[in-house]
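Residue numbers (our numbering): 91 to 240. Quick reminder that beta carbons are idealized off the backbone N, C-alpha and C, glycines included. Being a predicted model, the structure only gives us computed values, none of them experimental. Comments concern the structure below.
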């Protein structure tokens with residue numbers, strides 16, 4: 091048996107190579123976000139007030155079991171679309187748009203937009219009667235503010 095002399099630089103190089111291999115293996119196993127393998131669907135929500143579309147309000151979806159959700163602001167047609175929403179049961183909330191901030195140096199705040207009477211029940215997750223079930227593919231839901239109790 092042949093004796094191999096001990097070399098600190100060879101030992102260091104071997105240790106660094108081993109650490110590099112471990113790092114690369116670990117990096118490869120962390121190449122996706124948690125939950126990215128869940129099946130997902132697209133959601134379009136239309137909010138009306140009678141026959142008129144509601145615009146410029148915030149609509150949010152929340153799955154109370156998983157904490158997942160999505161949201162968007164209604165466009166001129168009263169619609170918002172959310173992509174890649176995890177399948178499941180969601181509560182929908184509707185809230186007025188945030189107020190415009192006061193800009194320093196301007197004497198008066200911008201005039202607030204006319205406020206639409208959004209039922210208080212629909213503004214909180216705990217009380218909203220608006221529920222949806224998101225399935226695979228395209229999901230379309232329509233809600234009328236006049237049908238939501240105050």
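**Q.** Span of the beta strand (DSSP E), counted from its first residue to its last, around residue 217
**A.** Neither: residue 217 is in no beta strand (DSSP E) and is coded neither H nor E.
**Q.** Simplified DSSP assignment, three categories, for residue 169
**A.** strand
Q: Flag this pair as yes or no: are the beta carbons of residue 151 and residue 180 separated by less than 8 angstroms?
A: yes
Q: Would you decide whether residue 183 is buried or exposed? Buried here means 16 or more other CB atoms lie within 10 Å of its CB.
A: buried
Q | Through-space distance from residue 107 to residue 169, alpha-carbon basis | A | 55 angstroms
Q: With DSSP as the reference, please indicate the residues paired to residue 175 in a beta bridge.
A: 131
Q. Which residue from 129, 103 and 102 puts its Cα closest to that of residue 228?
A. 129
Q: State yes or no: is the C-beta of residue 162 within less than 8 angstroms of the C-beta of residue 149?
A: yes
Q) Under the three-state reduction of DSSP, which class applies to residue 103: helix, strand or coil? A) helix
Q.
Within 10 Å of its beta-carbon, does residue 218 have 16 or more other beta-carbons around it, so buried, or fewer, so exposed?
A. buried
Q.
Just to confirm the assignment, what range does the beta strand (DSSP E) spanning residue 156 have?
A. First-last for residue 156: undefined, no H or E at that position.
Q.
Quick test of your reading: residue 157 and residue 175, contact by CB under 8 angstroms. State the CB separation rounded to the nearest angstrom.
A. Not confirmed; about 13 angstroms, so no contact.
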